[in-house]
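Peer 1: The working numbering numbers the first residue of the sequence shown as 10 and each following residue consecutively.
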Amino acid sequence: MLAGPLKSAYIQRQVVMKNKITKDENIIAQFVFAATEATHDVVFEPADETPYFKVVFECLYPGITLSSNVLDAWSHVLNQDEKKKAPGSPFRLFVQTNILPSDCFKPQYDDLKRMDTMTENLNLALSKNDIKLINEVDLLFMPIVSSEHIYVICFNMKTPEDRNIGQQQAWR
């Protein structure tokens, strides 16, 4: 977390879909979708972690299946933004898609083993984001990739409530 003077009550913490694409966003999109550029150019490199290459972000092109790596890169960006949040604003933690790896859904995994894996990965996410206790988190966003579907489960850690954000909402 940043010190009080470095936090801003005016930082935009949400995307406004009706806003036009900025010049910078357009330049990035042209780079990512250009077939002439090297696919192994680094687009995003979080501190002390594996870099994300251009080829990963090409899945953002319309009609292409979204890669879980894009969600993981975005979680880094969102967690960095959380460090600039206003003091009274809820603290959000965005975990990566490997919080519950696909191996956990194989028959040899029982619920206890799944819980151990998820707990270990959640503790790692807390540590990477300089969070000492889960009690510091107000909202926990957990992406789940299942077959061709991506779900985001949002846990309100202060009240017993969870929300499923995903394709299923359109079916209700």
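Think of the CB as a built atom: it goes at the ideal place given N, C-alpha and C, for glycine as much as any other residue.
Note that the coordinates shown come from a computational prediction; the quantities given were computed from them, not determined experimentally.
#1: Just checking my contact of Asn107 with Asn130 at CB under 8 Å: how many whole Å lie between their CB atoms?
#2: Please determine, among Ile36, Val79 and Asp33, the residue with the shortest C-alpha to C-alpha distance to Phe53.
#3: Counting pairs of beta carbons, one from the segment 115-122 and one from the segment 89-99, are three or more of them closer than 8 Å?
#4: Looking at Val41: is its Cβ nearer than 8 Å to the Cβ of Leu69?
#5: Considering only the beta carbon of each residue, do Arg101 and Leu133 sit closer than 8 Å?
#6: When we look at the beta-carbon of Val104 and count the other beta-carbons within 10 Å, is it buried (16 or more) or exposed?
#7: Give the secondary structure of Leu148 by DSSP, where H, G and I count as helix, E and B as strand, and everything else as coil.
#8: When burial is assigned at 16 or more other CB atoms within 10 Å of the CB, is Leu121 buried or exposed?
#9: Any beta carbon of chain C sitting closer than 8 Å to that of Phe150?
#10: Could you work out which residue in Thr59, Glu145 and Lys141 is closest to Ser98 when comparing CA atoms only?
#11: What separation, rounded to the nearest whole angstrom, lies between the Cα atoms of Lys29 and Asp125?
#12: Starting from the Cα of Ala56, find the closest Cα among Val154, Ile143, His85 and Glu157 and give me that residue.
Peer 2: On the basis of the coordinates in this document:
#1: Indeed, because the Cβ distance is near 6 Å, the residues count as touching under 8 Å.
#2: The shortest C-alpha separation from Phe53 is found at Val79.
#3: The segment 115-122, when compared against the segment 89-99, does not touch it at the 8 Å Cβ threshold.
#4: Between Val41 and Leu69, the C-beta gap is smaller than 8 Å, which places the two residues in contact.
#5: Taking C-beta atoms as the reference points, Arg101 and Leu133 fail to come closer than 8 Å.
#6: Counting the other Cβ atoms within 10 Å of the Cβ of Val104 gives 16 or more, which makes it buried.
#7: Note: Leu148 maps to strand in three-state DSSP.
#8: With fewer than 16 other Cβ atoms within 10 Å, it is exposed.
#9: Here there is only one protein chain, and chain C is not present.
#10: Closest by alpha carbon: Glu145.
#11: C-alpha separation (whole angstroms): 44 Å.
#12: Distance from the Cα of Ala56 is smallest, within the candidate group Val154, Ile143, His85 and Glu157, for His85.
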